[in-house]
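These notes are about the structure you will find just below.
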Amino acid sequence: MLKVAILSECIGRVLRAGSVLHLRFVGADFLSVSDHCIFIQSRDSHPFSALSVTSAPPPRYTVAVRTLCEFTAKAGDLDLRFTPSPTGQEGVAGHGVVTARRGPGYEAEVSLAADFEGLRVRGRADGYNPVANRVEEIKTVRGEKVEIPQNHQALHWAQARIYGWLLCQSRQLDHIDVALVYFDIVSQRERVLKERYEAPALRAFFEDSCRRFMHWAEREAAHREGRDAGLQSLAFPHGTFREGQRLLAESVYKANASARTLLAQAPTGIGKSIGTVFPTLKAMPTQRLDKVFFLSARSTGRAVALHATRQLRQHADDTPLRVLELTARDKSCEHPDLACHGESCPLAQGFYDRLPAARDAASHAPLLDRPALREIARQHQVCPYYLGQEMIRWSDLVVADYNYYFDRSGLLYMLTAMNEWRVSVLVDEAHNLVERGRGMYTATLDHAAFRGVRQSAPAALKRPMDRVYRQWNALAKSGDAAYETRDEEPAAFVEALVQLCTAVIDDMSEHPQRHDATLERFYFDAMHFLRLAEQLTEYGGKHSLFDITRTPRQRAGVDADLCVRNLLPAPYLAPRFAGAHSTTLFSATLQPADYYRNLLGLPASAVWVEVPSPFRADQLDVHVARHISTRYAQRQRSLPAIVKLMAEQFAARPGNYLAFFSSHDYLQQAAALLAASHPDIPTWAQARGMSEAGQAAFLDAFAPGGQGIGFAVLGGVFSEGVDLPGDRLIGAFVATLGLPQINPVNEQLRERMDAVFGQGYDYAYLYPGLRKVVQAAGRVIRTQQDRGVVWLIDDRYARAEVQALLPAWWEILTAAPRSMPAPSLAE
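By full-length UniProt numbering, the letter at position 131 of the sequence shown is numbered 131, and the numbering carries on one by one without gaps.
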């Protein structure tokens with residue numbers, strides 16, 4: 001006799017597959033399954049009998065428990081008053097401590113799911129004690145005196161009750177104890193809130209929550225069906241691809257189809273944004289992608305991505321694609337002078353009560369760029385910044401800065417992990433991710449700034465502040481070197497800083513109405529420092545170092561800035577790549593590939609493609625000024641020759657030029673000398689700390705048909721992401737090899753890169769320098785109709801190892817050399 005479990009499994013598989021099953025049992029009955037019916041007939045002459053079976057259709061929409069509860073349980077004000085909270089890593093560790101205390105039989109991370117009228121709700125309960133019949137929702141906090149806001153507690157209870165019903169349903173329970181466990185990671189103590197619920201009450205709560213979400217879920221399911229159908233028929237907006245653009249698009253599509261990471265080096269001017277966005281959107285239906293994240297280091301890159309989506313929409317008006325631009329808080333806030341809670345800011349008061357209407361309006365806007373989001377927020381009187389964060393869940397393509405995904409607290413990455421999204425990540429101008437990654441995982445404490453915090457701190461913090469101050473001063477006096485590195489963080493200072501942070505938490509918890517922005521800023525910086533210091537010895541201890549930078553004070557004493565400095569971001573960035581279905585990193589300068597593979601922590605399966613340039617060598621005259629040295633010791637001497645060369649080139653072909661220098665001082669000296677010796681040549685220059693309006697005015701000076709020379713810093717805002725086609729820019733002078741300055745920090749980087757990869761000088765100096773040069777020169781030729789000239793001003797450009805890192809399509813022309821010694825490459 002066939003066991004019932006096996007029979008049920010066979011029937012289930014058939015019903016799910018929609019096929020027909022025939023089974024013959026020896027000495028038993030004949031059975032067939034088709035069209036949701038089971039037919040059984042005995043071998044004897046007994047009449048034919050049929051049993052009808054109903055098979056529930058698959059759910060149309062799946063939602064995480066947390067998302068469901070955030071949608072239905074949040075109400076009232078947006079309240080972002082300072083509430084110290086653990087990091088994600090500390091939260092995971094805290095959960096581990098609590099569950100480890102529960103003893104044998106306790107079940108942690110219980111996967112649960114249930115369907116309701118086409119909606120599937122899934123999640124993992126933090127813990128379940130079958131002996132006590134208690135489900136636990138564990139929340140970590142920092143500080144025993146921390147008060148959990150009521151709207152947060154309501155959300156926590158909602159999550160716990162949903163898990164309570166899912167357990168009752170899956171295990172046929174009549175009732176269950178539901179507990180909130182608040183675990184303080186500092187004291188390691190628990191505060192438990194517990195209530196007993198009957199299963200019918202929990203079921204009613206679950207179904208009511210589902211019904212409140214269902215209308216939105218049905219709309220979202222219909223949106224996704226329409227989106228996928230539209231994307232399947234989406235055509236390339238320009239009709240035909242540019243030369244090289246098709247190879248790029250095909251490579252991106254294949255990377256998504258094979259769920260791999262792609263490094264794509266593609267020349268400037270071929271349309272990399274549309275060439276990556278289009279194939280990724282085409283892959284969304286077949287790869288069942290939930291989101292596409294387009295990440296850029298600059299606002300100009302994000303603007304180009306938004307322009308690409310507008311082009312796509314012009315050729316596919318019936319495709320319901322939602323595009324969202326995320327903007328930094330300081331650029332989105334309507335009331336920067338007010339605190340972010342309902343008692344201070346009118347847009348925070350009743351935020352969650354007005355959010356549903358604002359969310360509904362935003363969901364009907366095909367493009368939620370900064371102006372559109374601000375207008376919708378204004379109409380509904382909600383905060384535009386937090387409306388934007390809410391709309392991440394309901395958008396298809398999100399355009400944002402790198403830090404939203406790659407930073408330690410990156411919101412896009414956290415939402416991806418929490419909701420188990422399948423995402424494709426596009427990293428624009430990916431050569432910037434090395435330095436940006438280092439910056440995300442570096443923490444510096446400023447000695448002078450701390451003295452200001454200490455003077456204005458509340459009296460209750462005097463003793464822990466003094467303790468930190470003494471330890472800090474001891475480090476300042478512990479050596480005479482201006483720069484010092486250590487293998488480990490100073491234990492006594494770290495312990496004093498931990499105690500101070502705990503005291504800050506307690507003080508702020510006791511005075512929740514007090515708002516001290518300076519103290520809060522220090523607390524966040526200190527916690528960032530401590531978290532990175534804890535990881536100094538992880539990953540083999542090769543990724544970061546602890547250093548002290550000493551500077552004499554204006555009066556007596558020495559200041560010592562303390563830093564946990566990241567040199568190798570790969571260990572921190574690797575989980576971000578692993579968390580994506582596919583990642584495409586693209587830039588005009590991603591060579592050599594191993595440099596980026598090693599420093600970014602790309603998967604071993606990552607593939608590399610180099611897109612041939614669509615431009616011809618005769619479009620760009622590349623000259624090397626071999627008779628000029630721009631090394632630091634010779635810069636003053638180089639100025640007359642550089643100015644003479646620029647003036648001669650301008651006289652031979654008047655037009656708009658960009659001149660790049662290694663520093664503002666060098667730039668200003670060259671600009672002043674040119675203006676004095678050739679006052680007929682119009683000039684304009686980049687200034688330190690240039691505002692966005694100033695940057696726009698600088699670029700506006702490159703008018704069509706215009707003439708003049710704009711002076712800029714190599715590696716600055718005008719070195720990349722600037723599009724000046726046609727005669728808006730006909731040439732560039734690069735008066736530097738771009739090598740980073742030789743200083744103690746860069747020498748530590750060189751030593752570490754040499755120890756890890758055996759290529760210290762190349763990794764620390766040569767590759768980063770030549771990358772900036774190629775990016776700057778790439779401003780000249782933007783279309784196949786452009787013609788221009790580039791002058792590489794330094795004798796070292798004539799060297800084979802340098803020219804090997806320049807674009808292959810360039811044809812290098814050398815000026816007549818003068819007799820001079822050949823010094824080293826180093827500055």
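A virtual CB, placed ideally from N, CA and C, is assigned to each residue, including glycine.
Small disclaimer: the values here were computed from a predicted structure and weren't measured.
- The beta-bridge partner set that DSSP reports for Cys563 consists of Thr444, Asp547.
- Counting only unbroken stretches of 4 or more residues, the alpha helix (DSSP H) elements lying wholly within the stretch 295-326 are 299-314, in sequence order.
- A distance below 8 Å separates the beta carbons of Arg565 and Thr442.
- For Tyr572, the uninterrupted alpha helix (DSSP H) segment begins and ends at 570-578.
- Within the stretch 660-686, the alpha helix (DSSP H) runs of at least 4 residues that lie entirely inside it are, in chain order, 664-677.
- Considered as a whole, the stretch 347-435 harbours 351-363, 370-380, 384-390, 403-406, 411-419 as its complete alpha helix (DSSP H) runs of no fewer than 4 residues, in chain order.
- Within the same chain, Pro490, Phe493, Ile548, Ala560, Leu562 come within 8 Å of Leu475 by CB-CB distance, once the 5 residues on both sides are set aside.
- For a cut-off of 8 Å, the C-beta gap from Arg771 to His431 is around 5 Å, short enough to register as a contact.
- In the structure shown, the three-state DSSP call for Pro552 is strand.
- Relative to His528, the option among Pro682, Cys501, Ala517 whose CA is nearest is Cys501.
- Here the C-alpha atom of His335 lies approximately 7 Å from the C-alpha atom of Cys345.
- Just measuring C-alpha positions, the residue of Ala777, Glu751, Gly758, Val192 sitting nearest Ala732 is Ala777.
- When secondary structure is reduced to three states using DSSP, Phe293 falls in the strand class.
- Beta bridge pairing from DSSP links Leu112 with Gly123.
- With distances taken between CA atoms, Arg370 lies nearest to Met391 out of Asp360, Ala357, Met391, Phe351.
- Non-local beta-carbon contacts of Asn746 in its own chain, meaning distances under 8 Å to residues more than five positions away in sequence, involve Pro740, Ala764, Tyr765 in chain order.
- Taking a cut-off of 8 Å on C-beta distances, the stretch 421-431 touches the stretch 577-590, as three or more cross pairs fall below it.
- With fewer than 16 neighbouring CB atoms inside 10 Å of its own CB, Gln150 falls in the exposed class.
- Listed as beta-bridge partners of Thr62 by DSSP are Arg120.
- Taking a C-beta distance under 8 Å as the contact criterion, Leu68 and Phe278 do not qualify as a contact pair.
- When beta bridges are read from the DSSP output, Lys331 appears opposite no residue.
- Counting C-beta pairs closer than 8 Å gives fewer than three between the stretch 453-466 and the stretch 433-441, which falls short of the contact rule.
- Taken in chain order, the whole beta strand (DSSP E) runs of length 3 or more contained in the stretch 597-635 are 607-610, 620-625.
- The shortest CA-to-CA distance from Pro744 to any of Arg161, Thr485, Asn656 is the one to Thr485.
- The three-state reading of DSSP puts Arg102 in coil, since its state is none of H, G, I, E or B.
- Secondary structure note for Asp177: its beta strand (DSSP E) is the uninterrupted segment 175-184.
- No Cβ-Cβ contact shorter than 8 Å links Gly76 with Arg102.
- For Leu585, the enclosing beta strand (DSSP E) begins and ends at 582-587.
- With contacts defined as CB atoms closer than 8 Å, Gln188 and Val97 qualify as a contacting pair.
- The straight-line gap separating the alpha-carbon atoms of Glu250 and Asp318 is approximately 24 Å.
- Distance between Ile138 and Arg531, taken at the CA atoms: about 22 Å.
- The stretch 254-261 makes no contact with the stretch 356-363: fewer than 3 CB pairs, one atom from each, lie closer than 8 Å.
- Runs of beta strand (DSSP E) with 3 or more residues, each lying fully within the stretch 482-539, are found at 483-486, listed in chain order.
- The DSSP-derived three-state label of Leu770 is helix.
- With respect to the 8 Å criterion, Tyr182 and Arg191 are classified as neighbours on the basis of their beta carbons.
- Going by DSSP, Lys477 is part of no alpha helix (DSSP H) at all; its letter is neither H nor E.
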